[in-house]
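*Asks:*
There are 2 protein chains.
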Amino acid sequence: MPKPFKDIDLKKRAEIPQAVITRLPRYYRYLRQLVDKGEYRISSLALSRLMGTTASQIRQDLNYFGGFGQQGYGYNTKNLCECIADILGNNNCYNTVIIGAGNLGKAIATSSSFAHTGMFLKCLFDVKPELVGQKVNGCEIKHLDEMEEFWASNRVDVAILTLPSDAAVKVAHKLAELGIMGIWNFSEAELGLDPEKVAVRDVHLVDSFMTLCFDIKTIENNI
Amino acid sequence: MPKPFKDIDLKKRAEIPQAVITRLPRYYRYLRQLVDKGEYRISSLALSRLMGTTASQIRQDLNYFGGFGQQGYGYNTKNLCECIADILGNNNCYNTVIIGAGNLGKAIATSSSFAHTGMFLKCLFDVKPELVGQKVNGCEIKHLDEMEEFWASNRVDVAILTLPSDAAVKVAHKLAELGIMGIWNFSEAELGLDPEKVAVRDVHLVDSFMTLCFDIKTIENNI
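Each protein sequence line maps, in turn, to chains X and U. If you read the first sequence in this note's numbering, its first letter stands for residue 1, the second for the next number, and so on. If you read the second sequence in this note's numbering, its first letter stands for residue 1001, the second for the next number, and so on.
So, in structure tokens, the structure goes:
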């Protein structure tokens, strides 16, 4: 399987526009669905129609990684799907902990949607005594005070913060000290970590709901 | 309080770039924090530094709504905050139901983060007999079969889909028939509704995690 993206030099990787990076998982989703349906080949035009985008957008995006299509053939869906997973890093295994074992933490811990992302849940942490010792999807909930001890005997790559905002910043800085590589932040706090050392993605669910309200108001105004 | 955005004609509202709309909630968040801290005035430069963006970006974005700053004064944080909420439609009240009362549905139902968005939770629905009749944050979980009956005596504006993907499309089309205005879709299914009739925002948590993996890989490559 050719992996032309191996040719990108490391500097360029950091220069890829955010908009392109955030579109890659969407390509991956559609391609996976095609593979699951047994469709092993698709033209950029057909893919663009399916995704509600343009063929030139797709070609342009994938050209950041060396392109993948073949003139007159289109894309090999399985190959492209695996290449995108490789570009994104989802063929790796990320030892993950969830900090905050409330409903949201449990929702992520029990979701099957992350099976293809490399997320490998090791443990949940919380401060509530009634939660400590419980198991979620086979993983123990430990007390937050046991975090350092856990680190001493486990490699942890990614932490998912599903705890209240006021506690999130302090925990995030502790995680950075412990050498965490990535934080998926569901709290509303800005963590303020060094982006060259710790990758952080914030999920602002409230922002998403607010934009939905905008869309509703726009439709209402047009009716 | 001047509300210059009232002057935008309705056609223009639909023409505002998505990127601008998705940035508005972020402005709102920072401005609310300033108001909460008692800071009633800020220059576009100071705001841009706080937000890690540029002053010209802020001015450009807000100009879609008629601009709000005053030369030599900057922005009145409280006024701008309220104006953005008004533009987004978050000063309205949206009667909301959650369909899927699992961990994610419960997480949203019990979150205090939506207090300022206009979300007013009326009811949760699920198909699991053991959930039906339970209360979450004061709201009853009803059986999905009772949905139409509920609609007959309640106005519902927004539905939050936190149910499995395979059921989501069918439920979404039923909701559209019942006249729903907006759907906040956490399932991985593409709902395929008429965007002129029903506003839909998809939340793809998996996509967000995948981009975090990309960032981690980029940092790893640079070390």
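Backbone N, C-alpha and C fix where the C-beta goes; we use that ideal spot for every residue, glycine too. It should be emphasised that the depicted structure is a prediction, and the values quoted were computed from it without experimental measurement.
Given that L1088 (chain U) touches chain X, what residues does it touch there, using C-beta distances under 8 Å?
*Replies:* Going along chain X in sequence order, the residues near L1088 (chain U) (Cβ under 8 Å) are M210, T211, C213, F214, K217.
*Asks:* Would R29 (chain X) be called buried (16 or more neighbouring beta carbons within 10 Å of its own) or exposed?
*Replies:* buried
*Asks:* At a Cβ threshold of 7 Å, is I1021 (chain U) touching chain X?
*Replies:* yes
*Asks:* Distance check for S1165 (chain U) and V136 (chain X), CA to CA, integer angstroms please.
*Replies:* Each residue's Cα considered, the two are about 22 Å apart.
*Asks:* For N1185 (chain U), count the other beta carbons within 10 Å of its own beta carbon; 16 or more makes it buried, fewer makes it exposed. Which is it?
*Replies:* buried
*Asks:* Are G118 (chain X) and L163 (chain X) close, meaning C-beta to C-beta below 7 Å?
*Replies:* Not a contact, by the Cβ cut-off of 7 Å.
*Asks:* Can you list, in chain order, the residues of its chain whose CB lies under 7 Å from that of I1042 (chain U), leaving out five sequence neighbours each side?
*Replies:* The residues are L1034, G1074, Y1075, T1077.
*Asks:* When the distance is taken between beta carbons, is S1208 (chain U) closer than 7 Å to V203 (chain X)?
*Replies:* yes
*Asks:* So who's on the other strand from W184 (chain X), going by DSSP bridges?
*Replies:* X:I160, X:R201
*Asks:* Between E196 (chain X) and the rest of its own chain, which residues show a CB-CB distance below 8 Å, the 5 nearest in sequence each way excluded?
*Replies:* none
*Asks:* So L144 (chain X) packs on D126 (chain X), CB below 8 Å; how close in whole Å?
*Replies:* 7 Å
*Asks:* Should V206 (chain X) and S1113 (chain U) be called a contact, given that it needs their Cβ atoms to be closer than 7 Å?
*Replies:* yes
*Asks:* Closer than 7 Å by C-beta to L80 (chain X): which residues in its own chain qualify, once you throw out the five before and the five after it? Chain order, please.
*Replies:* L31, F68
*Asks:* Taking the alpha carbon of K1128 (chain U) as the point to measure from, which residue in U:K1142, U:H1116, U:G1052 has its own alpha carbon closest?
*Replies:* Minimum Cα distance to K1128 (chain U) is reached at U:K1142.
*Asks:* Taking all protein chains shown into account, decide if F1120 (chain U) is buried (16 or more other Cβ within 10 angstroms of its Cβ) or exposed.
*Replies:* exposed
*Asks:* Should N90 (chain X) go down as buried or exposed, given a rule of 16 or more other Cβ atoms within 10 Å for buried?
*Replies:* buried
*Asks:* Are the beta-carbon atoms belonging to T1211 (chain U) and T22 (chain X) less than 7 Å from one another?
*Replies:* yes
*Asks:* Buried or exposed: where does A1172 (chain U) fall if 16 or more other Cβ atoms within 10 Å of its Cβ makes it buried?
*Replies:* buried
*Asks:* So, is E1130 (chain U) buried or exposed, given that buried needs 16 or more other C-beta atoms within 10 angstroms?
*Replies:* Exposed, since its Cβ has fewer than 16 Cβ neighbours within 10 Å.
*Asks:* Please confirm whether S1113 (chain U) has its beta-carbon closer than 7 Å to some beta-carbon of chain X.
*Replies:* So, interface residue.
*Asks:* Throw me the rounded Cβ distance for the E140 (chain X) and C123 (chain X) pair, which I believe falls under 8 Å.
*Replies:* 6 Å
*Asks:* Between X:G38, X:Y27, X:K12, which lies nearest to R49 (chain X) when the distance is taken from Cα to Cα?
*Replies:* When each option's Cα is compared against that of R49 (chain X), the closest is X:Y27.
*Asks:* Output the distance between the C-alpha atoms of V1169 (chain U) and M1181 (chain U), rounded to the nearest integer angstrom.
*Replies:* 16 Å
*Asks:* How would you call Y1040 (chain U), buried or exposed, if buried means at least 16 neighbouring beta carbons within 10 angstroms?
*Replies:* exposed
*Asks:* Against V1203 (chain U), what residues of chain X qualify as contacts under a CB-to-CB distance less than 8 Å, listed in chain order?
*Replies:* Ordered by position in chain X, the residues that pass the 8 Å Cβ test against V1203 (chain U) are L205, S208.
*Asks:* Quickly, what does DSSP pair M1119 (chain U) with across the bridge? List them, please.
*Replies:* Partner(s): U:Y1094.
*Asks:* Just to confirm, are Y94 (chain X) and D194 (chain X) a CB contact at a threshold of 7 Å?
*Replies:* no
*Asks:* Among U:S1044, U:A1189, U:H1116, which has the Cα closest to the Cα of Q1071 (chain U)?
*Replies:* Taking only the C-alpha atoms, the option nearest Q1071 (chain U) is U:S1044.
*Asks:* Rounded to whole angstroms, what's the CA-CA distance from C213 (chain X) to S153 (chain X)? Just pull it up for me.
*Replies:* About 46 Å.
*Asks:* Mind pulling the chain X residues with CB within less than 7 Å of K1106 (chain U)?
*Replies:* N103
*Asks:* In chain order, what residues of the same chain have a beta carbon less than 6 Å from the beta carbon of I16 (chain X), not counting five sequence neighbours either side?
*Replies:* Y64
*Asks:* So the beta strand (DSSP E) I1016 (chain U) belongs to, where does it begin and stop?
*Replies:* Counting along the chain, I1016 (chain U) falls outside any beta strand (DSSP E), and DSSP gives it neither H nor E.
*Asks:* Just the C-alpha distance for R1059 (chain U) and G102 (chain X), rounded to the nearest angstrom, thanks.
*Replies:* 39 Å
*Asks:* By the DSSP assignment, the alpha helix (DSSP H) with E39 (chain X) in it spans what residues?
*Replies:* No alpha helix (DSSP H) holds E39 (chain X); DSSP gives it neither H nor E.
*Asks:* Looking at A1199 (chain U) and I216 (chain X), is the spacing between their C-beta atoms short of 7 Å?
*Replies:* yes
*Asks:* Give the residues from the region 170 to 191 of chain X that approach chain U closer than 7 Å (Cβ to any Cβ), ordered along the chain.
*Replies:* M181, G182, W184, E188
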